[in-house]
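Q: Note that the working numbering has the sequence shown beginning at 133, numbered continuously upward.
Pasting a structure below so you can have a look.
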Amino acid sequence: MRALVLGATGFIGSHVVRALLDRGHAVTALVRAGSPGMWRLAPLRDAIQVLPFPGPETGSLPKADLCFNLASHGVDGRSSDLEPLGEGNLGIALRLMEDCVRCGVRRFIHAGSGFEYGNTGLPLDEGAPLRPASPYGMAKAAATEGVLRQAERLGLDAIVLRPFSAFGPMEGFHRFVPQLMRSLLEGETLALTPGEQVRDYLFVEDLARAFVCASEAPSGGRRVFNVCGSQRMSLRSFVELLCAAVHGRMELFRFGELPYRSTEMMFYVGDDRRFRERFGWAPELSVEEGLRRTHVWYARYRASIPFAQELR
């Protein structure tokens, strides 16, 4: 099948592109002007088509069967301005869906976020109330609602997947796991909170496979699904697992040197039984193996490009 991918230069989107190619799909990456993440697609340029989005004119997208919207704005938590958050999450999704109808797309797969639920302290299933605790969570919740309504109006299949805590190669260096990798590879100490926050990390290649799995099902309707890992653990336990997996130095990580943020989510864990039962998906890699592969990638990347360079 032919697939359009908006957000293809991002961390998750670039892995979805690879997963689609692995399944034999033809991929067109829709790239916004000035995207800093083109380096993630550089090894794939001969295997994919790359087009600007928005295009030069209405209806300029090629014919396609599927469309993945993995574009987002504000995930790093540094933006609280609601106007760009709304445009970068809701506005762009609604315009993309209009274009999808014109180019024959039958199914729209949209990346939501576990942050739509907010800070409840409980495992979150799809029936949990949406009480986002951050501007980003508010924008993603609005985008999910808008996508479902727009799909109904346009007659599109629409599946919204809400990932929780993904990790893996090609994540921006400002994020938690790449900071751990940089500390180990450079032998530098890293100040951390006490590390009692609980997460259920999922290797990004398994998450990408979940997006492709949702796109290939016989019928989708208009549904929302969580996608999560299977190993719930504290951040401190996660770091301990990393050090054990790659023979790293635990003493580099200074737990307790930083305070928790006032908005810290101490328990951010999802329940994705609905998705697993509906699509027959499950993670293939353990967190430990995912950490090994991630460490190998960052070690290789560091050898060819200055590791201090921060890439988004």
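Using N, Cα and C, we set each Cβ at its ideal position, and we do this for glycine too.
Since this is a predicted model, take the numbers as computed values, not measurements.
Just list the beta strand (DSSP E) runs in the stretch 356-387, keeping only unbroken ones of 3 residues or longer that don't cross its boundaries, in chain order.
A: For the stretch 356-387, whole beta strand (DSSP E) runs of length 3 or above, ordered along the chain, are 385-387.
Q: Could you tell me if residue 395 is buried or exposed, where buried requires 16 or more neighbouring beta carbons within 10 angstroms of its beta carbon?
A: Classification for residue 395: exposed.
Q: From the DSSP output, which residues share a beta bridge with residue 330?
A: The partner list for residue 330 (beta bridge, DSSP) reads 366 and 399.
Q: Which same chain residues, not among the five before or five after residue 442, have their C-beta less than 8 Å away from its C-beta?
A: Its pLDDT being 48, under 50, residue 442 is placed unreliably in this model, and the coordinates cannot settle the point.
Q: Could you tell me the distance, in whole angstroms, from the CA atom of residue 171 to the CA atom of residue 335?
A: When rounded, the distance between both Cα atoms is 20 Å.
Q: Just list the residues that DSSP pairs residue 297 with in beta bridges.
A: Note: residue 297 sits in a beta bridge opposite 333.
Q: Could you spell out where the beta strand (DSSP E) holding residue 242 opens and where it closes?
A: Note, residue 242: beta strand (DSSP E), 239-243.
Q: So, helix, strand or coil for residue 144, using DSSP?
A: If DSSP states are grouped into helix, strand and coil, residue 144 belongs with the helices.
Q: According to DSSP, is residue 178 helix, strand or coil?
A: Residue 178 falls in the coil class under three-state DSSP.
Q: Can you have a look at residue 270 and say buried or exposed, based on whether 16 or more other CB atoms are within 10 angstroms of its CB?
A: Residue 270 is buried by the Cβ-count criterion.
Q: Hey, out of 281, 343, 418 and 399, whose CA is closest to residue 154's CA?
A: Minimum Cα distance to residue 154 is reached at 343.
Q: Short check: CB of residue 330 to CB of residue 399, under 8 Å?
A: For residue 330 and residue 399, yes; Cβs fall inside 8 Å.
Q: Quick check on residue 321: buried or exposed, where buried means 16 or more other Cβ atoms within 10 Å of its Cβ?
A: With fewer than 16 other Cβ atoms within 10 Å, it is exposed.
Q: Tell me whether the beta-carbon of residue 282 lies closer than 8 Å to the beta-carbon of residue 229.
A: Closer than 8 Å, so yes.
Q: Consult DSSP for residue 251 and reduce its assignment to one of helix, strand or coil.
A: DSSP places residue 251 in coil when its eight states are reduced to three.
Q: Mark residue 126 as exposed unless 16 or more other C-beta atoms lie within 10 angstroms of its C-beta, in which case mark it buried.
A: Outside the modelled stretch of the chain, which goes from 133 to 444, sits residue 126, for which no answer is possible.
Q: With H, G and I counted as helix, E and B as strand and the rest as coil, what does DSSP make of residue 185?
A: Of the three classes helix, strand and coil, the one that applies to residue 185 here is coil, per DSSP.
Q: Express the C-alpha separation of residue 314 and residue 367 in angstroms, rounding to a whole number.
A: For residue 367 and residue 314, the distance between alpha carbons rounds to 17 Å.
Q: Which two residues bound the contiguous beta strand (DSSP E) that contains residue 162?
A: Taken as a continuous stretch (DSSP letters only), the beta strand (DSSP E) holding residue 162 covers 158-163.
Q: Per DSSP, what are the beta-bridge partners of residue 322 in this structure?
A: BP columns for residue 322 point to 385.
Q: Can you tell me whether residue 147 is buried or exposed, with buried defined as 16 or more other CB within 10 angstroms of its CB?
A: Result: buried.
Q: Out of 226, 351 and 167, point me to the one whose CA is closest to residue 278's CA.
A: Closest option to residue 278, Cα to Cα, is 226.
Q: Could you work out which residue in 363, 162 and 431 is closest to residue 224 when comparing CA atoms only?
A: Closest option to residue 224, Cα to Cα, is 162.
Q: Considering residue 135, what are the terminal residues of the beta strand (DSSP E) in which it resides?
A: Per DSSP, residue 135 belongs to the beta strand (DSSP E) from 134-138.
Q: Spatial neighbours of residue 280 within its chain, please: C-beta separation below 8 Å, excluding the five flanking residues on both sides.
A: Excluding positions up to five away in sequence, the list reads 290, 292, 354 and 356.
Q: Are three or more beta carbon pairs between the stretch 167-187 and the stretch 133-150 nearer than 8 Å?
A: Cβ pair count under 8 Å is three or more, so yes.
Q: Excluding sequence positions up to five away, which residues of its chain have a Cβ less than 6 Å from the Cβ of residue 340?
A: Cβ within range, chain order: 147, 148 and 151.
Q: Return the residue from the list 387, 168 and 333 that minimises the CA-CA distance to residue 419.
A: For the residues 387, 168 and 333, the minimum Cα distance to residue 419 belongs to 333.
Q: Once you ignore the five residues that flank residue 424 on each side, which residues in its own chain have a CB closer than 7 Å to its CB?
A: Around residue 424: 377 and 378.
Q: Are the CB atoms of residue 431 and residue 256 within a distance shorter than 8 Å?
A: No; because the gap between Cβ atoms is not below 8 Å, this pair is not in contact.
Q: Using a 10 Å radius around the Cβ and a threshold of 16 neighbouring Cβ atoms, would you call residue 302 buried or exposed?
A: It is buried - the Cβ of residue 302 has at least 16 other Cβ atoms within 10 Å.
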